[in-house]
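Worksheet: one structure, shown below.
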Amino acid sequence: VYTGLQFSKILFTDYLVDSHIESSALIGVFYNIPLPLFSERFSFQAELIASRLNYNKPFINNTSDWDDISIKSTVIGVPLLLNYEFPLKNITPSIGIGKETAFIVGSSATYKTQRTNEWGDMEYGDVDFLVHRFQKEGWFADIGINSKINPKFSFYSSLRFQRNINLIIADEYYNGSTFDIAETFVYSTKYYTYSGTLRVGLRF
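In our numbering, the protein residues as written are 77 to 280.
Here is the structure:
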């Protein structure tokens, strides 16, 4: 089991608009399976993570169409990774590579933008959208260390770097389509999420 602190930012590549780095907490559990058939140093690890991301500060390099955006999402992730360990006397460093499948279980994406109304006057207001329920990509690299406390318990920590692709959609109707299909719709905007996560916990 573990908890952690994630530092992340998002980037809209089509508009050259990106966010400041935001921090968020996460909790998770994992199960590690040795792979002695290949090597005593290899293991397979499956995880379940819950996190909440919140980007509510003005974005960098805003254009007139993107004066301000607030994006909130609750993410349930299922990372799968392959670890390679370097056993030492009391500690065991490791490196790993893997991919996370993630589901958005609650989200909002609010645009604060200037628009011209039907009388030709400039208005400033909110437009409400969602984040698509599936994230794409999710590849990550992981550097960890395991330190034994006693024969049954050990302290675990890791640093993980990851990139995801997300999609802002107009309404819940778009969630009925796959990511690739929803991306082709007029009212959809793709963005990238880059994150670095420090995790600490116990293995037993």
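Beta carbons: idealized from backbone N, C-alpha and C, even for Gly. None of the values given here were measured: they were computed from a predicted structure.
message: Let's test the definition: count the other Cβ atoms within 10 Å of the Cβ of S99 and tell me whether it reaches 16, buried, or not, exposed.
response: exposed
query: In chain order, what residues of the same chain have a beta carbon less than 7 angstroms from the beta carbon of I109, not counting five sequence neighbours either side?
result: S119 and F120
- prompt: alpha helix (DSSP H) containing I225: first to last residue?
  reply: Premise fails: I225 is in no alpha helix (DSSP H) and is neither H nor E.
Contacts around F229, its chain only, beta-carbon distance under 8 angstroms, and the 5 residues preceding and following it disregarded: L278, R279 and F280
query: For K148, which beta-bridge partners are listed by DSSP?
result: N130 and S184
- prompt: Exposed or buried, Y249, counting other C-beta atoms within 10 Å across all chains shown (16 or more means buried)?
  reply: exposed
Distance between F231 and F255 (C-alpha atoms, nearest Å): 38 angstroms
message: Using CA atoms only, rank isn't needed, just tell me which of N159, L102 and N132 is closest to I86.
response: N132
- prompt: Going by the beta-carbon positions, is the gap between F237 and A258 smaller than 8 angstroms?
  reply: no
task: Evaluate L274 with the Cβ neighbour count: other Cβ atoms within 10 Å of its Cβ, from every protein chain shown; 16 or more gives buried, anything less gives exposed.
output: exposed
message: Do K148 and S183 have their beta-carbon atoms positioned less than 8 angstroms apart in this structure?
response: yes
field: Buried versus exposed, by CB contacts within 10 Å (16 or more), P163
entry: exposed
message: With DSSP as the reference, identify every bridge partner of A258, one or two as the case may be.
response: DSSP lists no partner for A258.
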